[in-house]
Amino acid sequence: MRTSSLAAAALLALAAAAGAATPAPLAQRHEALRAELERSPFGRPLLLQASARDDAPSGEVLAVLQQPFARVARTLGQPEGWCALMLLQTNVKACSVQGEAPRRQLVVAVARRHTDSVDQAERITFEHRTEAADGQRLAMALVADQGPVGTADYALRFEAVPLPDDRTVVQLTYAYRPGLMARMATSAYLSTAGRNKVGFTVTGQDEQGRPQRVGGIQGIAERNTMRYFLAMEAVLRTADLPPDQRLERRLQGFHAALERHPQQLHELTLQEYLALKRRELGEGAAS
290 MRTSSLAAAA LLALAAAAGA ATPAPLAQRH EALRAELERS PFGRPLLLQA
340 SARDDAPSGE VLAVLQQPFA RVARTLGQPE GWCALMLLQT NVKACSVQGE
390 APRRQLVVAV ARRHTDSVDQ AERITFEHRT EAADGQRLAM ALVADQGPVG
440 TADYALRFEA VPLPDDRTVV QLTYAYRPGL MARMATSAYL STAGRNKVGF
490 TVTGQDEQGR PQRVGGIQGI AERNTMRYFL AMEAVLRTAD LPPDQRLERR
540 LQGFHAALER HPQQLHELTL QEYLALKRRE LGEGAAS
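Add 289 to the 1-based position in the sequence shown for the working numbering, that's all there is to it.
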């Protein structure tokens, strides 16, 4: 699999042309990048890009889903859907929705290591903001002033518009601002456990002709963004299942999606992952 630098350049060029505060409308971006989506290195209409700036890590996925817009809007237009996808992550130990519309919040317990208990996790409060919600567009954001390990200005932004044939084009962006403590922690991680971790972008080839992939901050941002996107897909695919089947299918589907990219996203075996999440959810993590 080879990640296209032309696709990333096209994404960046569109954003720059529109201006940082006013990105191109999603339908316009989809049309402009239709050819790149059709040639996606992921084998499906999906483009991924991320920033390499250590003072402002960010990532973005643009994709076309084989999902009707009505299901996407119903599932991800409410904060409960975002709690469900947060809980699929190994380092998220609990998530609850609080408050009344239109000022609803997600309180998320995020651990530094997947082996940490919920009591060792740091609580982050995200404000759920709906910017648009009608039959033609869903736009929302989860924003938090303070994040884990001294991070700030944490934001997950999501937009979706319908396409013909029960398809939906979606855009998911992930960004935060690291403080000194977070940058020190990241530097230590990249020099130890994360030194061999890579992202998806191909930067060249080694002497044997094997692809070399980006590492460092950009690799982290690409992996994190993709994890959120794959969790979102797992939630959407199980949205219409009976409640007693939904969680188990969601966990298995998300793990299978991670394992399709083992070099970047492998963390636990299926048995380890299911045992971890069953234990955490049994201890009262809300979905």
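Beta carbons: idealized from backbone N, C-alpha and C, even for Gly.
Please read all numbers here as calculations on a predicted model, not as lab measurements.
Look at the alpha carbon of residue i and the alpha carbon of residue j, and state the distance between them as a whole number of angstroms.
i, j, result
"M515", "L461", "9 Å"
"E561", "D405", "14 Å"
"R328", "A477", "37 Å"
"S517", "L374", "The identity of residue 517 in the sequence shown is Tyr, whereas the question assumes Ser. Cα-Cα distance, rounded: 7 Å."
"T419", "E320", "25 Å"
"C384", "L570", "10 Å"
"Q394", "G493", "43 Å"
"P330", "L322", "14 Å"
"G436", "T414", "8 Å"
"G388", "Q425", "27 Å"
"D454", "L354", "11 Å"
"D533", "K566", "16 Å"
"A324", "R568", "44 Å"
"A310", "D495", "Note that A310 has pLDDT 39, beneath the 50 cutoff, so the model's placement of it is unreliable and the number below is only indicative. Taking the straight line joining both Cα atoms gives about 39 Å."
"F358", "A422", "11 Å"
"R549", "F543", "10 Å"
"R363", "L525", "10 Å"
"P391", "R402", "33 Å"
"G538", "A482", "The sequence shown places Arg at residue 538, rather than the Gly named in the question. Distance between the alpha carbons of R538 and A482: 31 Å."
Does the distance from the CB of residue i to the CB of residue j come in under 8 Å?
i, j, result
"A520", "P346", "no"
"A352", "Q507", "no"
"A410", "V399", "yes"
"L315", "V450", "yes"
"L431", "L452", "no"
"V487", "G468", "no"
"E448", "A428", "yes"
"L365", "W371", "yes"
"A528", "A546", "no"
"V350", "L326", "no"
"T440", "L557", "no"
"D442", "R466", "yes"
"V381", "P368", "no"
"G348", "N513", "yes"
How is residue i classed by DSSP in three states: helix, strand or coil?
i, result
"Q317", "helix"
"D455", "coil"
"A302", "Low confidence applies here, because A302 scores a pLDDT of 38, under 50, leaving its location unreliable and the question unanswered by this model."
"A307", "Reliability of the predicted coordinates at A307 is poor, the pLDDT of 36 falling under 50, and the value obtained from them is presented with this limitation in mind. Reduced to three states, the DSSP call for A307 is helix."
"F415", "strand"
"Q378", "coil"
"E496", "coil"
"F518", "helix"
"D343", "coil"
"D408", "helix"
"L461", "strand"
"L525", "helix"
"V503", "coil"
"L322", "coil"
"S476", "helix"
"P312", "Note that P312 has pLDDT 48, beneath the 50 cutoff, so the model's placement of it is unreliable and the number below is only indicative. Three-state DSSP puts P312 in coil, outside helix and strand."
For the putative contact between residue i and residue j, defined by C-beta atoms under 8 Å, what is the C-beta separation to the nearest angstrom?
i, j, result
"Q356", "T457", "5 Å"
"F489", "R502", "7 Å"
Kindly indicate the opening and closing residues of the alpha helix (DSSP H) around residue i.
i, result
"H403", "H403 -> no alpha helix (DSSP H), and no H or E assigned at all."
"Q553", "551-554"
"Q541", "532-548"
"A482", "That residue, A482, is in no alpha helix (DSSP H); it is neither H nor E in DSSP."
"L563", "559-571"
"T364", "358-365"
What are the boundary residues of the beta strand (DSSP E) that includes residue i?
i, result
"V399", "392-399"
"V432", "426-435"
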